[in-house]
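Note that UniProt numbering gives residue 138 to position 138 of the sequence shown, counting from 1, and the numbers run on in steps of one.
Ideal Cβ placement from N, Cα and C applies to all residues, glycine included.
Bear in mind the structure is a predicted one, so any value in this text is a computation, not a measurement.
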Amino acid sequence: MEIIRSQRKPVHIDVVPTLPLYRSAPPLEVRLEDFELYAMDRLRVLKGIADGLSRGKKSEEMKNLADHLWKANMRHLDASEVVNKDIISHFVLRLVYCRTEDLRKWFLSMETNLFRYRLLFEKAEVQRALMAEFDLPYRAASNAELESVKEGLKQVAQSFGQPLAADAIFYKVPFEEVPELVAGRRVFIHKGYAYIAMNQVVSLVSTQFRSHLSKALILTNRKWTSTIREQEKDRLTPIVEALCSSYLGPDYSQPREFAEISIKDIDQIAKSSFPLCMRHLFEKLREDHHLKHGGRMQLGLFLKGVGLKLEDALAFWKAEFSQRVGSERFDKEYAYSIRHNYGREGKRTDYTPYSCQKIITSAPGVGDHHGCPYRHFSEENLRAALGKMGISNRAVEDVMDKVRNRHYQLACTLTFEAVHGTSCDAGINHPNQYFSDSQKVLQSKNQSTV
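Listed below in structure tokens is the structure:
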């Protein structure tokens with residue numbers, strides 16, 4: 001797969017199956033913009049699946065969620081390019097996620113789940129064709145074999161409320177090759193073999209897909225470290241290394257629905273609508289009258305995004321810092337960076353508030369207060385902080401369970417739901433999204449009580 005500049009058009013593949021197996025990189029030329037945009041669209045699908053699974057959604061719910069995510073994100077204005085987008089995005093993310101064991105593990109799991117959900121929507125003949133594509137050495141069990149295990153097959157079928165069809169086709173497969181079906185007790189096992197019904201072939205094909213992809217990720221990693229990373233250090237490498245932590249949501253560089261907050265209301269708003277990461281920074285600022293650079297950046301850009309005007313921001317920070325360093329020193333050492341964040345100094349860049357991903361991956365040191373509390377707090381401190389937000393003991397335990405499994409954004413989502421008494425199906429992906437959604441909920445409740 002060759003990356004090219006915008007003026008050249010991509011080469012089309014003549015014949016591509018509707019559900020690719022991604023066995024080898026296609027002979028495609030890809031525009032540099034598409035290289036990144038296609039990958040981000042696919043990443044939205046994979047992260048949506050990961051969120052659904054971590055929320056404990058049932059199999060049918062996950063199947064429908066994956067279908068919705070795919071249709072919403074993997075469209076293309078040119079219908080003939082949809083398959084190319086599918087293939088290109090997979091291979092770009094394979095490059096992105098081959099680089100560490102944790103990244104490979106996540107990508108392997110999510111891509112296999114996506115493949116399985118997509119395969120469930122395919123017809124039986126497509127599923128059989130994919131068995132042939134993988135060259136699986138399994139044969140359909142003979143009538144005589146089925147007769148000898150008929151009672152066992154009936155019991156399994158009945159346990160799921162399904163009759164055993166007289167003309168049902170079963171494949172005889174070593175049981176260790178269908179661990180998902182064995183774990184769910186969805187197959188009859190006899191003498192080391194599982195009898196797989198035709199409608200269960202998806203599990204068998206998905207297992208093969210996972211095995212092939214796992215090996216491919218290791219090979220991709222070797223190629224990345226030996227040649228690609230250095231060869232593309234000025235062009236693709238920065239994109240590849242940034243993609244796995246990219247923020248995929250709306251831009252919060254400017255205030256959205258709620259246009260402005262004032263200094264006189266900021267304490268009340270902080271208590272009602274700031275996410276825990278910003279609430280902690282705000283309280284520390286009020287308590288110590290100082291924050292280190294990381295904290296100033298994280299909180300300052302957040303406040304800018306929720307509608308604190310530059311003049312008010314300068315007054316707010318000066319009122320706090322002057323108690324510690326004096327007004328003159330504040331004007332000399334700190335005011336510039338505040339104006340800089342608002343695009344009034346230096347390159348005049350309109351800086352964007354930090355996303356959850358950026359905050360989670362930060363590395364606060366001793367004396368720092370920025371970062372994600374769900375990741376960087378001790379369990380004792382996190383429990384205390386959640387308690388101050390008025391969250392029930394049961395909700396705290398649910399949050400801590402997500403933290404232990406490193407689902408930090410989902411932990412924040414559960415906190416939002418517990419504080420506001422409402423669901424947040426989209427999940428929390430940005431502190432400014434938390435604030436905006438909180439204000440919407442509170443505004444709706446106020447209107448309903450009028």
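Taking C-beta atoms as the reference points, Met74 and Leu248 fail to come closer than 8 Å.
Scanning the stretch 216-264 for uninterrupted alpha helix (DSSP H) segments of 4 residues or longer gives 237-243, listed from N- to C-terminal end.
Pairing Leu32 with Gly48 gives a Cβ-Cβ distance that is not under 8 Å.
One alpha carbon belongs to Leu213, the other to Leu108, and they sit about 7 Å apart. Secondary structure in the stretch 8-83: the alpha helix (DSSP H) runs of 4 residues or longer, each lying completely within the stretch, are 32-54, 59-73 in chain order. Distance from the CA of Ser89 to the CA of Thr207, rounded to the nearest whole angstrom, comes to 21 Å. Closest by C-alpha distance to Gln409, out of Ser211, Leu276, Glu147, Leu120, is Leu276. For Phe35, same chain residues with a beta-carbon under 8 Å away, outside a window of 5 residues either side, are Ile3, Ile88, Val92, Leu236, Ile239 in chain order.
According to the DSSP assignment, Pro353 belongs to no beta strand (DSSP E), since it is labelled neither H nor E.
If you draw a straight line from the Cα of Arg348 to the Cα of Ser337, it comes to about 12 Å.
Counting only the Cα atoms, Ile261 lies some 5 Å from Gly307.
Nearest in C-alpha terms to Arg344, of all of Cys372, Gln323, Leu314, is Leu314.
Residue environment analysis places Val126 among the exposed positions, since fewer than 16 neighbouring C-beta atoms fall within 10 angstroms of its C-beta. The stretch 308-389 contains, as complete alpha helix (DSSP H) runs of 4+ residues, the segments 310-325, 327-333, 335-341, 356-360, 373-376, 379-388 (chain order).
The residue among Cys244, Pro250, Glu320 with its C-alpha nearest the C-alpha of Leu281 is Glu320. The alpha carbon of Ser246 has as its nearest neighbour, out of Cys356, Glu283, Asp437, the alpha carbon of Cys356.
The stretch 294-309 makes contact with the stretch 349-368: 3 or more CB pairs, one atom from each, lie closer than 8 Å. For Lys292, the three-state secondary structure derived from DSSP is coil.
Of His370, Glu397, Gly371, the smallest CA-CA separation from Glu380 is found for Glu397. When DSSP states are grouped into helix, strand and coil, His407 belongs to the coil group. According to the DSSP assignment, Phe134 belongs to no beta strand (DSSP E), since it is labelled neither H nor E. Leaving aside the five residues that flank Arg210 on each side, the residues in its chain whose CB is nearer than 7 Å to its CB run, in chain order, Leu108, Thr112. When the Cα atoms are used, Val201 and Ala183 turn out to be separated by approximately 16 Å. In the three-state reduction of the DSSP assignment, Val173 falls in the strand class.
When secondary structure is reduced to three states using DSSP, Ala395 falls in the helix class. For the pair Ile266 and Glu232, the Cα-to-Cα distance works out to about 47 Å. Annotation for Phe188: the continuous beta strand (DSSP E) segment containing it runs 188-190. For Ala157, the enclosing alpha helix (DSSP H) starts and ends at 150-159.
In the same chain as Val149, and ignoring 5 residues on each side of it, the C-beta atoms closer than 7 Å to its own belong to Phe188, His190, Tyr195, in chain order. Taking 8 Å as the cut-off, the Cβ atoms of Pro431 and Phe316 do not count as close. In the three-state reduction of the DSSP assignment, Ile196 falls in the strand class. Taking each of Asp167, Glu29, Leu119 in turn and checking the Cα distance to Glu81, the smallest one comes out for Glu29. Counting every other CB atom within 10 Å of its CB across the protein chains shown gives Leu77 a total below 16, marking it as exposed.
Taking Ser159 as the centre and dropping the five residues before and after it, the same chain places the C-beta of Arg185 closer than 8 Å to its C-beta, in chain order.
When DSSP states are grouped into helix, strand and coil, Lys123 belongs to the coil group. Counting along the chain, Ala270 sits inside the alpha helix (DSSP H) bounded by residues 266-273.
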